[in-house]
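>
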Amino acid sequence: MNLVPVSYYLVLSAILFGLGVIAFIFKRNIIAIFMSIELMLNAVNLAFVAFARQWNELDGLVFVLFVIVVAAAEVAVGLAIVITIAHNRRSLNVEDVNLLKF
Amino acid sequence: MSLPFILFFVCAGLAILGAVLLIVSREPIHSALSLILVMVALAILYLTLGAEFIAAVQVIVYAGAIMVLFVFVIMLLNAGVEERTNWSQMAKYAGLPLAVVLLLEIAQWFWRSPTSARAVNGTPEAHPTHALSVLLFRQYVFPFEATSILILIAILGALVLAKRQE
Amino acid sequence: MDFISQHAVLVVSLVKIAVVLFLAMTALAYLSWFERKVVAHIQSRWGPYYVGAHGLLQPLADGLKFLFKEDVTPPASDQLVYVLAPFLALSLALTTLALIPFGPPNVRVFGQPVFVISNSNIGLLFLFAITSMGVYGVALAGWSSNSKYPLLGGLRSSAQMVSYEVSLTLSVVGVLLLAGSFSLNGIIESQRGHIGHWYVWPQIIGFLCYITAAIAETNRVPFDLPEAEGELVAGFHTEYSSFKFAMFFMAEYANMITVSCLATILFFGGWLAPFPESWTWQLYLPGVGLLALALYCAYDTVTSMRGVARLQLAVFTLLALVAGILCLLPAVMPLVQGPFWFITKVGLFLFLYVWVRGTLPRFRYDQLMSFGWKLLLPVSLVNLLATSFVILLGKRG
Amino acid sequence: MFILDHLWIILALPLLGAALNGLLGWRWPKWAVNAVGIGSVSLSFLSVAELIREFLALNPAQIPYFERYFNWISAGSFRVDFALEVDQLSIVMLFVVTFVSLLVHVYSIGYMAQEGGYARFFSYLNLFVFFMLTLVLAANLVLLFVGWEGVGLSSYLLIGFWFLKKSATDAGKKAFITTRIGDFGFTVGILLAFWTFQSVDFGTIFNQLAARPAEGATSIGALTAMALLLFAGAVGKSAQLPLYVWLPDAMEGPTPVSALIHAATMVTAGVYMVARMHPLYSRAPLAMFVVALVGAVTAFYSATIGVLQTDIKKVLAYSTVSQLGYMFLACGVGAYAAGIFHLMTHAFFKGLLFLAAGSVIHSLSGEQDMRKMGGLRKRIPITYWTMLLATIAIAGIPGFSGFFSKDKILAAAGDGPYRNLWFWLLGLVAAGITSFYMFRLIFLTFFGKARYNEKKVHVHESPKSMAVPLIVLAACSVGGGWFAAPHIVGGTDYFEAFLDPVFASYPVEPLASGQASLPVGGNESAGTALDPQAELLHAVTGPPVIAAIIGLLLAWWFYIRRPEAAKRAMEAMRGLYTLVYNKYYVDEIYAALIVRPLLWISTSVLWHVVDEKLIDGTVNGVADAARHAGARLRELQSGNARSYASWVVLGAVGFTILLLGLWMVR
């Protein structure tokens, strides 16, 4: 059936993760940064699933499930925070949210 | 070039395309759409990996719920085009090279890792979903409950944060 | 999940997809006609009458009209998304049909089941996955057309859909627990027997929740807040015109059909006949029904039709006659059973839809939300709990 | 055997009393303070009495009785237990200490009645008793040192009891610091002991000593060095030359304190220590010689100073110093028993003298200058009679305790295994001078016409709480010596016999160079053929007695019969007079030679250079470095999430490189 080597999937996940990192660093919109985090999570999930497939162990899938659940919770809270920030600082630019410093 | 390869490369290409679009597009909603694209592509890849349940959950939760939330918030806040500001020198000069290095490292890591040589081995269970459920509710039942509590807390937190607006 | 393992599958699937799409389009078109007719009669009007006999050609005319109308795109809109939205909506709505089994899986060509495009064993999940994506069409449309009514409409409808999706899913879980399977065919099979075995009886609460949530999910009256003409002109598709508008329209009807199919499958035994297997006379029902239709058409042709209309109706009569005779052939007879019952049940549901629309007034938005969250969700949750409890007891005993 | 099994009780009681009075006493009424303070001491006195009873019942094999409680310090091979030891010597000391302490406590009730800090005073006293008992019972040098320093501390606290008086606090500091000089030697001595014997337990040390040969009279080996170092501590603690200077000033403290600490007990700790370590000294003839020398010279020297002092307590202080000198002389000539004997009798009569003096001062409401006294004989009879008895005792008039002990010491000096003519002479002269200045004190204080302002000062006998201890001590100082009485007539000396197991176990080895035995009274050939009457006659008319009589007569002549003669004598030897009157300018010399240079160094070098430049510089430098580093580093926290992200990525990259590297290596 599936003949694609697992390493392909792994490399793909690596690439996606890297792109997620780049996005995280270069996006200025808080929401976009948030999304880049999600992207990274997805990349990790892909790696999990790939490994699960390779070793024929389902634990990896369980991990993915948990990751997804946690991500959902995280997004719920995170977006609430984003809304609060947007209301307070009248901006979504992460660089306007820089009060927490020396 | 057999069908699975074609499918894989199409989906992978879509995923990467989506990721790139997420970076380059300056309209948050476009970023969201491209991210949805990535997720759907990944869902299909999960299917090809025999994790259909995960694929479905991926689409339902990520594409169907989480991203909806994103889009919703974007619409709510009417987030406009993100303006160009260069305040973070660190990000500007060190960020990209570092990220690229990291990407290469991980890629090389996975590529060279002993798993790379052989293809997917073994055949999946007759009912992977069933097996998964057993695993989830037997071995991982405690983490499962923990996550449920986590979600509850998250709901409360979101409510509190949102309420403060009034 | 092996829907791409052999190339034969590919071919067959493509054919099936084509057929289903064609039928679906026709069905959509005539669903609009059906709706208009029924509502008209509920409101003691005639409804479409002039284009063809009983306005049977009205959908065709509408389609042409949509095609040839000017396609206006607001200049301030986000072009890409503006175009993307309707396509997304329609394509997702139609995709769901790929998972619906219109008939028993044992009817096969090239070893492939005829009446279903993709017979996945977690079909239901995929169904929900796809429907859950449906929100985007609305939301993006509302956002991209960069004007306040659509934005409000989009926000409202997306919120509404997200909220009701929860109770929709939860109301179904009861059935899943009973059937112990995600596969639609499996669910249907587990209801085999007679009408008494349908899940509508044990899951009556689930069914009510489902149907309510479904109506809301498809933005139909009384939950059609998105296009509450009185408040927001036409909601998310205010700015849309001509064919893009038509796509939203079709998407809505496609969703109606999907949801009705799902209701049929989950609660009313899908393509199963209501009567026990032993009653063999039921095999004649499809043919007889068609013949009856033909008879009525013939009578109508003779009595109340003039000119072109009379001709059309004659043709229609002929078609019905042929179809009925075909269905009576012993070779074909068993094949048509499944589709016949399935379509009948779905038709009833669609009628219910239209009926409701013709009857009920519209909710207020806050009422809608509080109804969804404070009544529907708890009820479906309680239903779920009760079901699982009962099942556990059964396992014990 | 209750107490013997629970020796700690003896220590715990005073400590408890100290804690209670010190922590809670200030809010208690006087009677409660008394109850706690005196109760604790009397209880520990009673337990000591019980202990003696049990001890006598003990069979000799079990002596010294050793009780180990817990391991206190354990560092490598250096191991110190909290262990107590009882033998005859410590029994004697225990008895003296607790007995005198009890009396002094009682006395203090009356004496301190009008003073502030009542509870504080008693808590200090109890603390002192605790430490003194620790010192006495200690079974190893370190624990002994604890007691040693502890009594030093309480002495400091009590000397400076009236801490609002600058002179008092200065005296306290002086005592502390001066003693510290000696204690340094003591500490080094302990270390040397450990280095030599790999242990600080008396038992172990003595056993090893028994194996060692004695060191030569001229060569300085480890033992001699050790002995001398320890003796340095004794010199400081027991106010011998050249570190005696603190004791006279210590008289700034309340009189009971002077009586208890600076006459009866603490100052004798040095003697006790030397006696305790006698096996060591017995094997270090040179050290013995030094001890004897210091003792004899101090005895004579401070006696001469005592002659011209006008402050009643100062006189007693110098007399104490000289008596301590006697004790060291005794130890130095190997007559440890005699030394301890004198220690005991001295505790009685000198304690009594101080208490009586205190009573005098009390009756004159704080007057200490003898020139402003006189004619008190009738006014305060009890004080007078007790003090007279004590004086007779210290002067060494036959029949009184002082006579026996001093006589034994001189006998040992003149005829003992370490006999030395010069020491004997010094002791003899000192004895004469002692009786002179003591009777001078009596005559000036109680005879003649009153020289104080009778209008202002209302003389009154002291209350019972003060009178009773006086009487008790008087009895002791009269009869305290009769243990040794039979010895005079050739019988056995019970005291010496009692201590014999301790000292006889490590016999004193006579010097190789035999010296001519001098016909110097005492009992050269103890209880031999000579008949008792002759012995007795010989003893009571021995040189010490004669010297004492001469001193008495001189005092009478100068201060009763012909007061002007004293003046003429002064005129005659003006230079000597001023020299002695100013205590040989020792304090001045010390100030010039030690204190001032030390001060100069401390201020100009240690303070302005080392402290301000070096230490402060270092500390502030470190602080500044930290602050500047922080100021630079905080820039990193720009508050910009994206730069943080970049840092995170940097870390991730580094870590991944590390992993890759490891994996490559593998």
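Residue numbers (our numbering), protein chains in the order written: chain E, 1 to 102; chain U, 103 to 268; chain W, 269 to 665; chain Y, 666 to 1331.
Glycine residues also receive a C-beta, built at the ideal position from the N, C-alpha and C atoms.
Using the beta-carbon count (16 or more within 10 Å), is D1158 of chain Y buried or exposed?
As a working note, residue 1158 of chain Y is residue 493 in the fourth sequence. When all chains shown are included, D1158 of chain Y counts as buried.
> Given a threshold of 16 other Cβ atoms within 10 Å of its Cβ, counted over all protein chains shown, does D339 of chain W qualify as buried or as exposed?
Position 71 of the third sequence, counted from the first residue, corresponds to residue 339 of chain W. Result: exposed.
> Give me the Cα-Cα distance between N1188 of chain Y and L1201 of chain Y, rounded to the nearest whole angstrom.
For the purposes of this step, residue 1188 of chain Y is taken as the residue at position 523 of the fourth sequence. For the purposes of this step, residue 1201 of chain Y is taken as the residue at position 536 of the fourth sequence. Confidence at N1188 of chain Y is low in this model, with a pLDDT of 43, below 50, so the placement of that residue is unreliable and no value is reported for it.
> Under the three-state reduction of DSSP, which class applies to Q635 of chain W: helix, strand or coil?
Within the third sequence, numbered from 1, the residue matching residue 635 of chain W stands at position 367. In this structure, Q635 of chain W counts as helix in the three-state DSSP scheme.
> With a 10 Å radius around its C-beta and 16 neighbouring C-beta atoms as the bar for buried, classify K284 of chain W as buried or exposed.
For the purposes of this step, residue 284 of chain W is taken as the residue at position 16 of the third sequence. K284 of chain W should be labelled buried.
> I'd like to check one pair, A1076 of chain Y with G1092 of chain Y: are the Cβ atoms closer than 7 Å?
Position 427 of the fourth sequence holds residue 1092 of chain Y. Position 411 of the fourth sequence holds residue 1076 of chain Y. Cβ distance not < 7 Å, so G1092 of chain Y and A1076 of chain Y don't count as in contact.
> Are T1010 of chain Y and G1067 of chain Y closer than 7 Å when you measure CB to CB?
Numbered from its first residue, the fourth sequence carries residue 1010 of chain Y at position 345. Numbered from its first residue, the fourth sequence carries residue 1067 of chain Y at position 402. Yes, Cβ-Cβ distance for T1010 of chain Y and G1067 of chain Y is below 7 Å.
> With a threshold of 7 Å between beta-carbons, can A1317 of chain Y be considered close to chain U, or not?
Start at 1 with the first residue of the fourth sequence, and residue 1317 of chain Y comes out as number 652. Chain U contact via Cβ: present.
> Shortest alpha-carbon distance to A531 of chain W belongs to which of W:T612, W:L596, W:V306, W:D492?
In the third sequence, residue 531 of chain W corresponds to position 263, counting from 1. By alpha-carbon distance to A531 of chain W, the top candidate from W:T612, W:L596, W:V306, W:D492 is W:T612.
> DSSP state of L723 of chain Y, grouped into three classes?
Counting from one through the fourth sequence, the residue named residue 723 of chain Y turns up at place 58. It is coil, neither helix nor strand.
> Counting only beta-carbon atoms, is R90 of chain E nearer than 7 Å to chain U?
Counted from its first residue, the first sequence places residue 90 of chain E at position 90. Residue contact with chain U for R90 of chain E: absent (no Cβ-Cβ distance below 7 Å to any residue of chain U).
> Taking just the CA atoms, how far does L365 of chain W sit from G662 of chain W?
Walking along the third sequence from the start, residue 662 of chain W turns up at place 394. Walking along the third sequence from the start, residue 365 of chain W turns up at place 97. So the alpha carbons of these two residues sit roughly 35 Å apart.
> So, using beta-carbon positions, are A964 of chain Y and G997 of chain Y closer together than 7 Å?
Here residue 964 of chain Y refers to the residue found at position 299 when the fourth sequence is read from its first residue. Here residue 997 of chain Y refers to the residue found at position 332 when the fourth sequence is read from its first residue. No. Outside cutoff.
> Would you say F110 of chain U lies against chain E (beta-carbon separation less than 7 Å)?
Here residue 110 of chain U refers to the residue found at position 8 when the second sequence is read from its first residue. F110 of chain U counts as touching chain E.
> Near L893 of chain Y, which residues of its chain fall below 7 Å by C-beta distance, leaving aside the five closest residues on each side in sequence?
Numbered from 1 along the fourth sequence, position 228 holds the residue referred to as residue 893 of chain Y. Same-chain partners within the cutoff: A952, V955.
> Please identify the residue among Y:A890, Y:T1056, Y:I1107, Y:T1051 whose C-alpha is closest to the C-alpha of Q988 of chain Y.
Counting from 1 along the fourth sequence, the entry for residue 988 of chain Y is found at position 323. Of Y:A890, Y:T1056, Y:I1107, Y:T1051, the residue nearest in Cα terms is Y:T1056.
> Going by DSSP in three states, S739 of chain Y sits in which element: helix, strand or coil?
In the fourth sequence, the residue the question calls residue 739 of chain Y occupies position 74. In the structure shown, S739 of chain Y sits in a strand (DSSP, three-state: E or B).
> Consider the Cβ of P130 of chain U: report whether some Cβ of chain E lies at a distance smaller than 7 Å.
If you number the second sequence from 1, residue 130 of chain U lands on position 28. Taking Cβ atoms only, chain E reaches closer than 7 Å to P130 of chain U, which makes this a yes.
> Might you give, ordered along the chain, the residues of its own chain that have their beta carbon closer than 6 Å to the beta carbon of A519 of chain W, omitting 5 neighbours on each side?
As a first step, residue 519 of chain W must be located in the third sequence, where it is residue number 251. Around A519 of chain W: A357, L358, A361.
> What does the alpha-carbon distance come out to for the pair S1070 of chain Y and L823 of chain Y?
Your numbering for residue 1070 of chain Y matches position 405 in the fourth sequence. Your numbering for residue 823 of chain Y matches position 158 in the fourth sequence. When rounded, the distance between both Cα atoms is 30 Å.
> May I have the straight-line CA-CA distance separating L652 of chain W from Q241 of chain U, to the nearest angstrom?
Stepping through the third sequence from its first residue, residue 652 of chain W is reached at position 384. Stepping through the second sequence from its first residue, residue 241 of chain U is reached at position 139. Roughly 24 Å separates the two Cα atoms.
> First and last residue of the alpha helix (DSSP H) that includes F826 of chain Y?
The count along the fourth sequence starts at 1 and reaches residue 826 of chain Y at position 161. Looking at the DSSP string, F826 of chain Y is not in any alpha helix (DSSP H), and its letter there is neither H nor E.
> 7 Å is my cut-off, CB to CB: does L204 of chain U come that close to chain Y?
As a first step, residue 204 of chain U is located in the second sequence; it is residue number 102 there, counting from the start. Chain Y, which has a Cβ nearer than 7 Å to the Cβ of L204 of chain U, makes this yes.
> Output, in chain order, the set of chain E residues within a Cβ distance shorter than 8 Å of R1297 of chain Y.
Mapped onto the fourth sequence, residue 1297 of chain Y falls at position 632. Those do not exist, as R1297 of chain Y stays about 11 Å from chain E at its closest Cβ, beyond 8 Å.
> Which whole-angstrom value is the C-beta distance of A879 of chain Y and P950 of chain Y, which I expect to be below 8 Å?
For the purposes of this step, residue 879 of chain Y is taken as the residue at position 214 of the fourth sequence. For the purposes of this step, residue 950 of chain Y is taken as the residue at position 285 of the fourth sequence. Between P950 of chain Y and A879 of chain Y the Cβ distance is about 7 Å, and since that is below 8 Å, they are a contact.
> How would you write the range of the alpha helix (DSSP H) that V122 of chain U sits in, first residue to last?
For the purposes of this step, residue 122 of chain U is identified with residue 20 of the second sequence, where counting begins at 1. Its alpha helix (DSSP H) spans residues 105–126.
> Quick one: which residues of the region 158–170 of chain U get their C-beta closer than 9 Å to a C-beta of chain E? List them in chain order.
V159, Q160, V163, Y164, A167, I168, M169
> Going by the beta-carbon positions, is the gap between F795 of chain Y and P919 of chain Y smaller than 7 Å?
Here the question's residue 795 of chain Y lines up with position 130 in the fourth sequence. Here the question's residue 919 of chain Y lines up with position 254 in the fourth sequence. Contact flag unset, no.
> Can you find the residues in the same chain that come closer than 8 Å, C-beta to C-beta, to Y317 of chain W, ignoring five residues on each side of it along the sequence?
Position 49 of the third sequence, counting from 1, holds the residue named residue 317 of chain W. Excluding sequence neighbours, Y317 of chain W sits near G323.
> Determine, for N42 of chain E, whether the minimum Cβ-Cβ distance to residues of chain Y falls below 7 Å.
Here residue 42 of chain E refers to the residue found at position 42 when the first sequence is read from its first residue. For N42 of chain E, the answer is no, since every Cβ of chain Y falls outside 7 Å of its Cβ.
> Taking the alpha carbon of R941 of chain Y as the point to measure from, which residue in Y:L708, Y:L1324, Y:D1165, Y:L1217 has its own alpha carbon closest?
As a first step, residue 941 of chain Y is located in the fourth sequence; it is residue number 276 there, counting from the start. Measuring from the Cα of R941 of chain Y, the nearest candidate turns out to be Y:D1165.
> Note down the Cα distance separating L1138 of chain Y from G704 of chain Y, rounded to an integer number of angstroms.
Along the fourth sequence, one-based indexing puts residue 1138 of chain Y at 473. Along the fourth sequence, one-based indexing puts residue 704 of chain Y at 39. Going by the C-alpha atoms only, they are around 20 Å apart.
> Under the assumption that P602 of chain W contacts L558 of chain W (Cβ atoms under 8 Å), give the Cβ distance between them as a whole number of angstroms.
For the purposes of this step, residue 602 of chain W is identified with residue 334 of the third sequence, where counting begins at 1. For the purposes of this step, residue 558 of chain W is identified with residue 290 of the third sequence, where counting begins at 1. The Cβ separation is near 16 Å, so there is no contact.
> Return yes when the Cβ of E750 of chain Y is within less than 7 Å of the Cβ of P729 of chain Y, no when it is not.
Taking the fourth sequence and counting its residues from 1, the one referred to as residue 729 of chain Y is at position 64. Taking the fourth sequence and counting its residues from 1, the one referred to as residue 750 of chain Y is at position 85. Cβ atoms of P729 of chain Y and E750 of chain Y: closer than 7 Å.
> If I measure Cβ to Cβ from G775 of chain Y and keep anything under 7 Å in the same chain, skipping five residues before and after, which residues do I get?
By one-based count along the fourth sequence, residue 775 of chain Y stands at place 110. Annotation for G775 of chain Y: S1127, P1128, S1130, M1131 place their beta carbon closer than 7 Å to its own, counting only its chain and skipping 5 residues before and after.
> What runs of the beta strand (DSSP E), each 3 residues or longer, lie entirely inside the region 3–62 of chain E?
none
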